[in-house]
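Participant:
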Amino acid sequence: MDDIRVTYSGLISLVLGILSLIIGLGFNLIVTRNLSEIEYGTWGIIGGIIVYATIIEPVITFWTTREIARNEESGKTAIFSGLLFSCIGLIIYFVSAIILSYSTEVNQDIVLLGLMLVPLVFINNILSSITLGWKPQGVSYRQIVFGTTQVLLGLLFVMMLKMGIVGVIYAVAISTLVSIIYMISYNKKRLKNPIKKEFIKKWIKFSWVSLYPNVGSTIMSLDVMIFSIITSSIIGISFWTATMIIVSISSSSQLVSRATYSKLLQGGNKGFIQENIRLLIYFSILFTGITITFAEHGLFLLNPIYASATIIVIIMSLHNFLRVITSNLLVFVTGVDKVDVDKKSSIKNYFKSSLINVPTVQLIQSIVYIVSLSIVLLITVSSTDSDFTLLLYWAIIALIIQIPITVYSVLFFHKKIHLENNFKDILKYTFAAIVSFGGIYIIMGNFIEFNTEIVKFLPQVLLFVIVSVLMYIGITYSIDNKTRRLVKTITMLIRKK
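The sequence shown maps to residues 12 to 508 in the numbering used here.
1. Consult DSSP for GLN119 and reduce its assignment to one of helix, strand or coil.
2. Straight-line CA distance for LEU46 to ILE176?
3. Pair every Cβ in the region 136-153 with every Cβ in the region 72-79, then say whether three or more of these pairs are closer than 8 Å.
4. To the nearest angstrom, report how far apart VAL347 and PHE424 are at their CA atoms.
5. Assuming GLY52 and ILE248 are in contact, meaning their beta carbons sit under 8 Å apart, how far apart are those beta carbons, in whole angstroms?
6. Could you tell me the alpha carbon to alpha carbon distance between ASP13 and LEU403, rounded to whole angstroms?
7. From what residue to what residue does the alpha helix (DSSP H) around THR441 run?
8. Consult DSSP for ILE465 and reduce its assignment to one of helix, strand or coil.
9. Quick check for students: name the residue ranges of the alpha helix (DSSP H) that lie wholly in the region 292-320, counting only runs of 4 or more.
10. Return the first residue and the last residue of the alpha helix (DSSP H) that GLN413 is part of.
11. Would you call the region 59-72 in contact with the region 216-234, where contact means no fewer than 3 C-beta pairs closer than 8 Å?
12. Of all the options ILE428, LEU275 and GLY300, which has the alpha carbon lying nearest to the alpha carbon of TYR452?
13. Taking Cβ to Cβ, would you say THR417 is nearer than 8 Å to ILE336?
14. Can LYS427 and VAL344 be called in contact, C-beta distance under 8 Å?
15. If you count every other CB in all the chains shown that lies within 10 Å of the CB of ASN432, and 16 or more means buried, which is it?
16. Do VAL350 and LEU340 have their C-beta atoms within less than 8 Å of each other?
17. Beta carbon of LEU430, beta carbon of GLN285: below 8 Å?
18. Once the 5 residues before and after SER261 are set aside, which same chain residues still bring their CB inside 8 Å of it?
19. For ILE195, which option in SER139, TRP219, ALA444 and VAL235 has the closest C-alpha, if you only look at C-alpha atoms?
20. Measuring straight from C-alpha to C-alpha, what distance separates ASN287 and THR304?
21. Buried or exposed: SER24, going by 16 or more other Cβ atoms within 10 Å of its Cβ?
22. Rounded C-beta distance between LEU111 and ILE66? I'm assuming under 8 Å.
23. Go to TRP54, then tell me how far its alpha helix (DSSP H) extends in each direction, as first and last residue.
24. Please report how far the alpha carbon of ILE15 lies from the alpha carbon of ALA270, in whole angstroms.
25. Is the beta carbon of VAL42 sitting closer than 8 Å to the one on ILE245?
26. Taking the CB atoms as reference points, tell me whether TYR419 and VAL342 lie closer together than 8 Å.
27. Using a threshold of 8 Å, state whether the C-beta atoms of VAL62 and THR229 are closer than that.
28. Check this for me: beta carbons of ILE256 and ALA306, under 8 Å apart or not?
29. Below 8 Å on the Cβ atoms is my contact criterion, and I expect VAL129 with LEU101 to pass it. Report the Cβ-Cβ distance as a whole number of Å.
30. For the putative contact between ARG153 and SER190, defined by C-beta atoms under 8 Å, what is the C-beta separation to the nearest angstrom?
31. For VAL379, which residues from the same chain have a beta carbon less than 7 Å from its beta carbon, with the 5 sequence-adjacent residues on both sides left out?
32. Out of LEU40, ASP436 and TYR440, point me to the one whose CA is closest to GLY165's CA.
33. So SER364 is in the alpha helix (DSSP H); what residue range does that whole segment cover?
34. Do TYR193 and VAL156 have their C-beta atoms within less than 8 Å of each other?
35. When you compare only the Cα positions, how much space is there between LEU401 and LYS213?
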């Protein structure tokens, strides 16, 4: 396997990720500007159900990335198994759709149309897991292919043919199929080996190891279903889905660490982790600053009716910042665990490993989160007619419960991987963010005019986004030697190209 240059691959993934993010926002603008609140809420519910339907996907993807990174060619076997496992996903989706259709005001036929997405998502994610094992930046190329196709089909089905949410489902389905075709071509070197039942036996035998890490995230994703059932509100889900689009911008920062997990699986010197974590913090603070500062403007761009949910974006951006740091630190810990390398490892060995310890912590967090959300909603739903108030409670609960998990992840990471403290770097970058984004927020209030016409409003917002980013980079460049080295590294990479 080619040696993965973590910084290079991470920066490439970040740049490509930002490009795909911009393309993705284009599709989201098409969707939010043309769908009603009920339709958009239904689309949010479909997305939630797909998460439940793909709960068994890690039985394959968990092992595939680890095996490909260690030159065990399980790619073709993974795709074949994915087709079989997706049948179970279809059943899960169907049952979930029926339950939600009777509990909320969603259109059952529309939700069931989303069934076509399940096998496509399965295969697409399996191909991504193969790519992560040997060329992590390839996933970013795939996202650009997917996003570009999505925008073109969105223009056709949603804007020109006025197909509404049906057009959105078709656009996503066809785009995912195009993505699959691209990824098969990209990974053809890893798909030449025959299907081997040995891999399938191993995956099934140790499915409890691969499924267990996914239990926590699946339980956590029940929040959409719980909110829908308790409040019977589709409009509330539409607002939540819109806010998550803006919040997801800050998740782009973790792309700089995309290659780290694969590199750790290869073994060898782990000194690169220190620099990678610094880059993760640097870009996480940058993107969080963007989402908080331009929260209202981003929601207004999606659709003016969602602009009132600005405070939700701010709270969830802070939550997402902590979540990104937490999830990456814990993934790094699992990357250095070699329990699965030893074919003679017993079940007891697995239980003692981070492959089980880390998911246990995430599972506890998920249970506390879902139980807390359910209790608060049940207590407050009868005393308020405001979906916004309930959404605010939802966001606050998510943030509060994330804080202790983040503290634990930092302590646990330093216990397993001994590195220097990044506290000084955090202070420097936070200072730069407050000055740059705080200053821009104060200034732009006197210049930006909220206009429903995208062609007039978007250029104003982009100008201030660019200025704030340049200010952040400029301040950190002047006060931080590591940032200066980063800029030089990027400059060298550009010149080589």
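Backbone N, C-alpha and C define an ideal beta-carbon position, used for all residues, glycine too.
Predicted model only: the values in this text are computed from it and were never measured.
Facilitator: Short version:
1. helix
2. 7 Å
3. yes
4. 11 Å
5. 4 Å
6. Because ASP13 carries a pLDDT of 43, less than 50, the predicted location of this residue cannot be relied on, and the following value inherits that uncertainty. Each residue's alpha carbon lies about 47 Å from the other.
7. 434-455
8. helix
9. 306-313
10. 398-427
11. yes
12. GLY300
13. yes
14. yes
15. exposed
16. no
17. yes
18. SER295, PHE298, THR299, ILE301, THR302, SER328, ASN331, PHE332 and VAL335
19. SER139
20. 26 Å
21. buried
22. That belief does not hold up - the Cβ atoms of LEU111 and ILE66 are roughly 16 Å apart, past 8 Å.
23. 48-64
24. Annotation note: pLDDT 48 at ILE15 (below 50); position unreliable, coordinate value reported separately. Each residue's Cα considered, the two are about 7 Å apart.
25. no
26. no
27. yes
28. no
29. 5 Å
30. 5 Å
31. ILE412
32. LEU40
33. Per DSSP, SER364 belongs to no alpha helix (DSSP H) and is neither H nor E.
34. yes
35. 45 Å
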